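Enquirer: My structure is below; once you've seen it, I'll send some questions.
Residue numbers (our numbering), protein chains in the order written: chain A, 3 to 332; chain B, 4 to 220.
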């Protein structure tokens with residue numbers, strides 16, 4: 003038994019790390035919803051939540067308690083196992099993507115060499131949850147939402163993957179930590195300038211991937227009640243929400259890692275190495291919210307045209323230019 | 004007619020999506036502007052003098068009862084016929100109002116009853132928060148209407164002689180009004196375009212003067 007103590011300790015330490023990461027991320031999810039409501043409120047010259055706590059600061063906690071104790075309604079005609087599994091698939095896939103994110107030098111749960119591919123895989127898996135939710139609810143609105151989500155994910159996975167190929171070519175790695183370290187000898191130690199086109203494509207594809215305005219067609223509340231989550235209630239509804247916001251954070255983190263230089267900043271912050279990383283992710287989240295407060299929803303054919311006719315050619319052009327750059331410059 | 008279209012975007016504007024950037028600049032600017040929200044239950048809306056809120060029968064400080072004389076003008080003028088008055092005349096011909104009931108659920112809050120009342124008995128207060136789960140609770144009888152007045156006077160902090168210039172018909176010279184509606188009201192209630200009576204009995208000159216004032220308005 004004594005031989006295994008080291009192994010057991012390691013597993014315990016990893017479990018502890020996972021618990022801390024989950025706690026921090028879920029707390030962030032709760033407060034991102036609060037800041038989203040607050041910021042959109044103020045952008046629309048309203049106040050946002052004001053009642054629970056000082057300026058509504060306890061609102062996310064109240065929301066959490068409410069959704070936890072609400073009845074979990076399952077429609078009679080629903081495909082029950084799938085209906086119950088869909089939000090779990092969504093949430094688990096998104097949470098799994100967190101494992102490979104490097105928050106700072108060495109602050110990563112699983113430093114695997116295919117980190118970027120893993121995140122792509124997980125974010126596509128999360129859209130299975132959405133599609134299954136749309137199918138299993140057995141209602142026309144959810145089904146339409148699921149269909150839209152499917153089409154949207156297929157058309158935006160491609161430009162997203164292609165836009166990051168440039169980053170992979172420059173850094174020569176799929177490992178997120180190595181991508182960050184490879185950026186250190188770039189301009190301002192970020193890939194934003196050599197990969198400006200890639201960043202543009204990535205940013206738009208990122209909005210579409212996370213089903214955010216102006217690409218929120220799967221849950222377009224003005225057309226489809228609320229799309230694939232129409233039939234969900236209580237905790238399962240909250241799980242979809244958490245998955246959406248974790249997805250936002252994961253995508254913001256990828257944007258930070260691949261284009262904005264990860265944890266590297268103008269100067270090092272002692273005792274808290276992920277400071278710059280977190281600041282950049284917050285910047286991305288603010289941008290998400292800002293865009294949501296500003297732009298109307300794209301029409302369905304515009305969404306498809308933008309994805310296939312603009313973003314994919316642009317991403318291919320970016321790959322070509324990056325390759326040319328790699329050949330000519332060094 | 005020549006339709007003025009927006010100038011077509013040039014290539015640079017298309018690439019950088021200037022319209023989206025303009026929109027985002029607007030929302031960012033509004034982020035720092037003060038919100039116009041009124042936090043209602045904590046922050047009441049401002050009351051304007053013409054507000055037509057909850058009905059009340061003015062309690063006469065002398066008789067400690069309603070001023071109503073049972074002339075039936077309010078019940079007659081009421082477009083939704085929500086006022087019911089019961090009275091009896093004694094042998095000398097003096098009229099006693101036995102009951103005065105307003106069915107608030109039918110009231111359209113036009114305020115005609117207030118304008119037409121020759122003695123200023125029925126009024127509309129500034130109270131508007133009297134929603135109730137019970138229908139019967141907002142069918143006011145005479146006692147309830149007098150109580151509304153007392154509550155209003157208590158809450159709003161006015162004294163018993165509170166009079167509102169909007170409680171009388173507009174555009175009619177003071178001399179043409181019944182005596183009770185010619186009451187003095189404080190100057191700060193005299194709103195532009197409002198014609199407020201001054202004295203109970205007026206001379207001929209002041210009558211013409213008020214007439215001229217009215218024409219100016």
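No residue lacks a Cβ here, since even glycine has one placed at the ideal position from N, Cα and C. Remember, predicted model here, so these are calculated numbers, not experimental data.
Quick one: residues in its chain with C-beta nearer than 7 Å to the C-beta of residue 310(A), no 5 flanking neighbours on either side, listed in chain order?
Expert: Taken in chain order, the residues that qualify are 157.
Enquirer: With burial defined as no fewer than 16 other Cβ atoms inside 10 Å of the residue's Cβ, what is the status of residue 74(A): buried or exposed?
Expert: Exposed: under 16 other Cβ atoms inside 10 Å.
Enquirer: Confirm, please, whether the CB-CB distance from residue 57(A) to residue 68(A) is below 9 Å.
Expert: No, Cβ-Cβ distance for residue 68(A) and residue 57(A) is not below 9 Å.
Enquirer: Measure the beta-carbon distance from residue 106(A) to residue 128(A) and round it to whole angstroms, keeping in mind my assumption that it falls under 8 Å.
Expert: Wrong, their Cβ atoms sit about 25 Å apart, outside the cutoff.
Enquirer: Mind checking residue 51(B): buried by the 16 CB within 10 Å criterion, or exposed?
Expert: Its Cβ having fewer than 16 others within 10 Å, residue 51(B) is exposed.
Enquirer: For residue 47(A), would you say it is in contact with chain B, using Cβ-to-Cβ distances shorter than 9 Å as the test?
Expert: Judged by the 9 Å Cβ criterion, residue 47(A) is in contact with chain B.
Enquirer: Quick one, which of 154(A), 11(A), 33(A), 83(A) has its alpha-carbon nearest residue 219(A)'s?
Expert: Looking at the Cα atoms, 154(A) is the closest of the given residues.
Enquirer: Across which residues does DSSP place residue 59(B) in a beta bridge pair?
Expert: Beta-bridge pairing links residue 59(B) to 126(B).
Enquirer: Quick check on this structure: which residue in 45(B), 57(B), 34(B), 58(B) has the alpha carbon closest to the alpha carbon of residue 50(A)?
Expert: Answer by Cα proximity: 34(B).
Enquirer: What does the Cβ neighbour count give for residue 119(B), buried or exposed, with the cut at 16 atoms within 10 Å?
Expert: By the 10 Å Cβ count, residue 119(B) comes out buried.
Enquirer: Closer than 6 Å by C-beta to residue 120(A): which residues in its own chain qualify, once you throw out the five before and the five after it? Chain order, please.
Expert: 102.
Enquirer: In whole angstroms, give me the CA-to-CA distance for residue 32(B) and residue 299(A).
Expert: The alpha-carbon atoms of residue 32(B) and residue 299(A) are separated by roughly 22 Å.
Enquirer: Does DSSP classify residue 106(A) as helix, strand or coil?
Expert: Reduced to three states, the DSSP call for residue 106(A) is coil.
Enquirer: CB-CB under 7 Å to residue 8(A), same chain, minus the five flanking residues each way: which ones, in chain order?
Expert: Nothing meets the Cβ criterion.
Enquirer: What span of residues does the beta strand (DSSP E) with residue 104(B) cover, start to end?
Expert: Taken as a continuous stretch (DSSP letters only), the beta strand (DSSP E) holding residue 104(B) covers 98 to 106.
Enquirer: I want to verify the contact list: residues of chain B whose CB lies under 9 Å from the CB of residue 319(A), in sequence order.
Expert: Those within 9 Å of residue 319(A) in chain B number zero; the least Cβ separation is about 13 Å.
Enquirer: Can you list, in chain order, the residues of its chain with a C-beta nearer than 6 Å to that of residue 89(B)? Leave out the 5 residues immediately preceding and following it.
Expert: Once the five neighbours on either side are set aside, the close Cβ partners of residue 89(B) are 101, 102.
Enquirer: Which residues in chain B sit within 7 Å of residue 333(A), going by Cβ to Cβ distance?
Expert: Residue 333(A) is absent from the model: chain A starts at 3 and stops at 332.
Enquirer: Taking the CB atoms as reference points, tell me whether residue 70(A) and residue 236(A) lie closer together than 9 Å.
Expert: It is a contact, given that the beta carbons lie within the stated cut-off.
Enquirer: In the DSSP assignment, the alpha helix (DSSP H) including residue 7(B) goes from what residue to what residue?
Expert: Neither: residue 7(B) is in no alpha helix (DSSP H) and is coded neither H nor E.
Enquirer: Measure from the alpha carbon of residue 182(A) to the alpha carbon of each residue in 278(A), 204(A), 80(A), 289(A), then state which is nearest.
Expert: Nearest option by C-alpha distance: 278(A).
Enquirer: How do the segment 308 to 326 of chain A and the segment 253 to 262 of chain A stand: do at least 3 beta-carbon pairs fall below 8 Å, yes or no?
Expert: Too few Cβ pairs lie closer than 8 Å, so no.
Enquirer: Residue 168(A) and residue 136(A) look like a contact to me (Cβ under 8 Å); what is the Cβ gap, rounded to whole Å?
Expert: At roughly 33 Å, the Cβ-Cβ gap does not stay under 8 Å, so residue 168(A) and residue 136(A) are not in contact.
Enquirer: Could you tell me which chain A residues have their CB closer than 7 Å to the CB of residue 30(B), listed as they occur along the chain?
Expert: Residues of chain A passing the Cβ test: 45, 292, 295, 296.
Enquirer: Check whether the Cβ of residue 35(B) lies closer than 9 Å to any Cβ atom in chain A.
Expert: For residue 35(B), the answer is yes, since a Cβ of chain A falls inside 9 Å of its Cβ.
Enquirer: One question on the structure: do residue 109(A) and residue 275(A) come within less than 9 Å of each other, judged by their Cβ atoms?
Expert: Cβ distance < 9 Å, so residue 109(A) and residue 275(A) count as in contact.
Enquirer: Given residue 294(A), which residues of its chain have a CB within under 7 Å of its CB, disregarding the five upstream and five downstream residues?
Expert: Closer than 7 Å at Cβ, skipping near neighbours: 42, 214, 215.
Enquirer: List, from N- to C-terminal side, the alpha helix (DSSP H) runs of 4 residues or more that fit wholly inside the segment 27 to 94 of chain B.
Expert: Counting only runs of 4 or more, we get 76 to 80.
Enquirer: Per DSSP, which one or two residues make a beta bridge with residue 143(B)?
Expert: Answer by DSSP bridge pairing, in chain order: 105(B).
Enquirer: Scan the segment 13 to 27 of chain B for residues whose Cβ lies nearer than 8 Å to a Cβ of chain A and list them as they occur along the chain.
Expert: Within the segment 13 to 27 of chain B, the qualifying residues are 23, 26, 27.
Enquirer: Is residue 170(B) helix, strand or coil by DSSP?
Expert: If DSSP states are grouped into helix, strand and coil, residue 170(B) belongs with the helices.
Enquirer: Please confirm whether residue 72(B) has its beta-carbon closer than 9 Å to some beta-carbon of chain A.
Expert: So no, residue 72(B) is outside the interface.
Enquirer: Considering just the uninterrupted stretch of the alpha helix (DSSP H) at residue 296(A), what are its terminal residues?
Expert: 277 to 296 is the extent of the alpha helix (DSSP H) around residue 296(A).
Enquirer: Express the C-alpha separation of residue 314(A) and residue 12(A) in angstroms, rounding to a whole number.
Expert: Cα-Cα distance, rounded: 44 Å.
Enquirer: Quick one: what does DSSP say residue 130(A) is sitting in, helix, strand or coil?
Expert: Of the three classes helix, strand and coil, the one that applies to residue 130(A) here is helix, per DSSP.
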